[in-house]
Amino acid sequence: MTPLPTFWQHVPLDTISDHLLTAFENLATLFWQIDDIGRSAQGYNRLAWTHEEAQLRLWFAATMQRRGFQVEVDSAGNQWAWLGTPSQSNPGMSVGSHLDSVPNGGPFDGPLGVLSAIAAYDMLHAQGWQPETPLGIADFHDEEGARFAIACFGSRSLTGVLSPQDALNRRDSSGISYAQALEAFHTILTQTKGDAPALRALRGFDEHELALAYASSNPPTTESLASNHAYMLRSAAHIELHIEQGCAQNEQDAPVAVADGIWPHGRWRVDIEGIANHAGCSPIAMRHDPTLGLAHFILAAREEAEHHHSRTTVGRIQITPNGPNVIPSHATCWLDCRACEEQQVLSTIKALQRRAEYGEFESQTSHSQYDFSMLRESWTPGTIFSGELQRLLVSTVGNAFKELPAHIPIPVNGTAAGHDAGILSETGSSAGMLFVRNLTGASHTPAEYATPYDCTLGVAAYAAAMQAITHDIAQGWKAQHE
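Residue numbering for the sequence shown follows my numbering, beginning at 249 and increasing consecutively.
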């Protein structure tokens with residue numbers, strides 16, 4: 249009997265047609281193998297350079313090597329499994345997504361794209377298919393950016409959007425630098441390899457397989473961490489599959505959709521200074537409490553978002569010294585702002601900066617004009633995916649679904665969420681995306697959910713895309729970057 253991950257243990261499977269049942273069972277098994285990594289009652293926690301990432305990297309490497317892929321780590325720490333040897337003169341096709349999560353995240357965001365790629369390859373391989381060009385499956389490092397507060401950390405580092413020095417200087421909420429975490433991870437990876445017999449994801453591999461996986465999981469050192477934009481020139485097209493982050497496909501009754509673009513978005517760090525003092529001995533009128541300014545800033549961000557038709561979120565706050573009976577000396581928050589149009593984001597940020605210049609937030613703390621600062625930490629312009637790839641995906645997936653008993657539309661939708669495929673597209677690579685319907689519409693929460701039926705159709709769509717695009721690349725086709 250096929251082992252099922254926790255989120256599929258009590259759902260009917262009779263909606264899956266017989267010719268796709270094997271693909272579902274394979275996908276379910278892959279999910280089951282990693283399901284207990286970082287899982288708690290509150291969700292999944294799989295952050296950068298932790299024991300959880302060590303398990304995932306070793307599992308990915310061993311899983312792909314068992315299938316005959318050569319696994320390597322690029323200069324930014326991303327893992328790649330290649331069937332065949334790609335080069336700029338012999339480019340291949342790449343697929344995949346990420347395995348990390350936000351704090352208390354859901355099971356599908358990221359892993360669905362990696363596991364579906366593996367299941368799609370397995371489905372084609374069982375039919376006797378061999379790719380006509382090199383085929384790569386990627387596990388991008390730290391796409392969520394949950395630990396070091398920069399999303400798409402691995403793809404930004406690889407393409408040079410994030411410089412090695414800026415990457416190494418990032419710090420997590422505990423004050424640990426990226427450089428320190430990277431150095432510590434080599435020890436964590438060794439410990440995890442030794443614990444393999446007790447870990448569900450790794451206990452099925454023998455010592456030789458684990459030794460090979462270990463060599464293909466070690467990230468670069470602090471000295472060798474580097475950008476290498478030329479690496480992506482080995483892939484003529486990259487397709488990322490991801491669970492939908494919204495509910496448009498519910499309204500469209502579409503299990504699978506093609507992406508046309510990603511909204512522009514950025515993150516800003518806001519710091520407000522105050523003066524620490526005793527919670528009982530300091531009169532209200534004499535306090536310099538930065539959390540009041542922070543509260544006014546958060547409300548102002550909401551007001552400006554409504555005015556400029558953008559979306560602002562403050563989802564992370566740090567208070568210093570963070571004691572229940574101490575007036576804080578410092579308050580920090582991170583503002584996420586995104587919108588359909590770049591000007592809407594810029595107008596929102598400009599309005600907040602103008603209000604800061606007028607002292608609106610400083611007046612809540614002290615009379616110093618240096619109390620408030622707002623620094624942009626990351627920015628991703630709006631992405632328009634290759635129109636040529638969009639049309640190819642719609643046609644290919646539509647043809648693959650013609651065999652199904654019911655008509656299934658293939659809509660083309662935009663998304664407000666950032667993805668590694670967007671970073672690749674913005675830095676000159678030809679990239680595209682497929683979305684699998686999210687039944688709840690929730691994202692970055694355990695409430696996200698995709699049915700076995702929809703996920704299996706996602707595998708079929710991925711397989712069709714692999715088959716068609718590798719064939720076209722072999723015929724000399726190269727998508728035009730648009």
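Glycine included, C-beta positions come from ideal geometry on N, C-alpha and C.
It should be emphasised that the depicted structure is a prediction, and the values quoted were computed from it without experimental measurement.
Going by the beta-carbon positions, is the gap between residue i and residue j smaller than 8 Å?
{"i": "PHE272", "j": "THR704", "result": "yes"}
{"i": "HIS557", "j": "ASP519", "result": "no"}
{"i": "SER335", "j": "GLN566", "result": "no"}
{"i": "GLY340", "j": "GLY332", "result": "yes"}
{"i": "HIS536", "j": "GLY522", "result": "yes"}
{"i": "ALA446", "j": "PHE453", "result": "no"}
{"i": "ILE436", "j": "ARG418", "result": "no"}
{"i": "TRP222", "j": "GLY630", "result": "For residue 222 there is no data in the structure shown, the boundaries of the chain being 249 and 730."}
{"i": "ALA648", "j": "ALA604", "result": "no"}
{"i": "LEU801", "j": "MET681", "result": "Because residue 801 is not part of the residues shown, which for the chain are 249 to 730, the question remains open."}
{"i": "SER364", "j": "GLY706", "result": "yes"}
{"i": "TRP307", "j": "GLU320", "result": "no"}
{"i": "SER475", "j": "GLY408", "result": "yes"}
{"i": "THR440", "j": "ALA302", "result": "yes"}
{"i": "ASP584", "j": "GLY571", "result": "no"}
{"i": "ILE632", "j": "ASP508", "result": "yes"}
{"i": "LEU458", "j": "ALA478", "result": "no"}
{"i": "SER634", "j": "PRO468", "result": "no"}
In the DSSP output, which residue or residues are listed as bridge partners for residue i?
{"i": "ILE520", "result": "ALA579, PHE620"}
{"i": "TRP297", "result": "Answer by DSSP bridge pairing: none, since TRP297 is not bridged."}
{"i": "VAL645", "result": "BP columns for VAL645 are empty, so no partner."}
{"i": "ASN570", "result": "None; ASN570 has no bridge partner."}
{"i": "ILE510", "result": "THR631, THR663"}
{"i": "GLU320", "result": "TRP328"}
{"i": "PHE388", "result": "HIS346"}
{"i": "ALA367", "result": "Bridge partners of ALA367: none, in fact."}
{"i": "SER288", "result": "GLY291"}
{"i": "HIS526", "result": "VAL574"}
{"i": "ALA505", "result": "PHE683"}
{"i": "ILE565", "result": "CYS581"}
{"i": "LEU383", "result": "LEU331, MET341"}
{"i": "GLY353", "result": "TYR292"}
{"i": "SER626", "result": "ARG515"}
{"i": "THR254", "result": "THR254 pairs with nothing; no bridge assigned."}
{"i": "THR560", "result": "CYS585"}
Given a threshold of 16 other Cβ atoms within 10 Å of its Cβ, counted over all protein chains shown, does residue i qualify as buried or as exposed?
{"i": "LEU672", "result": "buried"}
{"i": "ASP262", "result": "exposed"}
{"i": "ASP619", "result": "buried"}
{"i": "CYS529", "result": "exposed"}
{"i": "LEU547", "result": "exposed"}
{"i": "SER367", "result": "Looking at the sequence shown, residue 367 is not Ser but Ala. Buried is the call here."}
{"i": "MET480", "result": "buried"}
{"i": "ALA463", "result": "exposed"}
{"i": "MET312", "result": "buried"}
{"i": "SER741", "result": "A question about residue 741 goes unanswered here, because the residues of the chain that appear run from 249 up to 730."}
{"i": "ASP668", "result": "buried"}
{"i": "GLU492", "result": "buried"}
{"i": "HIS456", "result": "exposed"}
{"i": "ILE532", "result": "exposed"}
{"i": "ARG315", "result": "exposed"}
{"i": "THR438", "result": "exposed"}
{"i": "GLU552", "result": "buried"}
{"i": "VAL684", "result": "buried"}
{"i": "ALA549", "result": "buried"}
{"i": "TRP297", "result": "buried"}
{"i": "TYR292", "result": "buried"}
{"i": "ARG602", "result": "exposed"}
Should residue i be listed as close to the ligand ATP, given that the test is whether its C-beta is under 7 Å from any heavy atom?
{"i": "SER464", "result": "Absence of the ligand ATP from the depicted structure is noted, as is the absence of any ligand whatsoever, leaving it without description."}
- Message: Whether or not the region 476-492 and the region 572-588 are in contact is what I'm after, with contact meaning three or more pairs of Cβ atoms, one per stretch, closer than 8 Å; do they touch?
- Response: No, the region 572-588 is not in contact with the region 476-492.
- Could you tell me whether the region 387-399 touches the region 341-358, using the rule of 3 or more Cβ pairs below 8 Å? Touching, yes.
- Report yes or no: do three or more beta-carbon pairs, one from the region 279-295 and one from the region 349-361, lie closer than 8 Å? A contact exists between the region 279-295 and the region 349-361.
- Message: Whether or not the region 656-664 and the region 367-381 are in contact is what I'm after, with contact meaning three or more pairs of Cβ atoms, one per stretch, closer than 8 Å; do they touch?
- Response: Output reads no: the region 656-664 does not touch the region 367-381.
- Item | Secondary structure, beta strand (DSSP E): runs of 3+ residues fully inside the region 432-502 | Counting whole runs of 3 or more residues, the region 432-502 contains the beta strand (DSSP E) stretches 483-491.
- Message: Counting beta carbon pairs with one atom in the region 644-657 and one in the region 687-699, are three or more of them shorter than 8 Å?
- Response: They do not touch, by the three-pair rule.
- Message: In chain order, what are the residue ranges of uninterrupted alpha helix (DSSP H) at least 4 long that sit wholly in the region 395-431?
- Response: Taking 4 residues as the shortest admissible run, the region 395-431 contains the following complete alpha helix (DSSP H) segments, listed from N- to C-terminal end: 401-407, 412-417.
- When the Cβ atoms of the region 537-544 are set against those of the region 674-688, are three or more pairs found closer than 8 Å? Judged by Cβ distances under 8 Å, the region 537-544 makes no contact with the region 674-688, as fewer than three pairs qualify.
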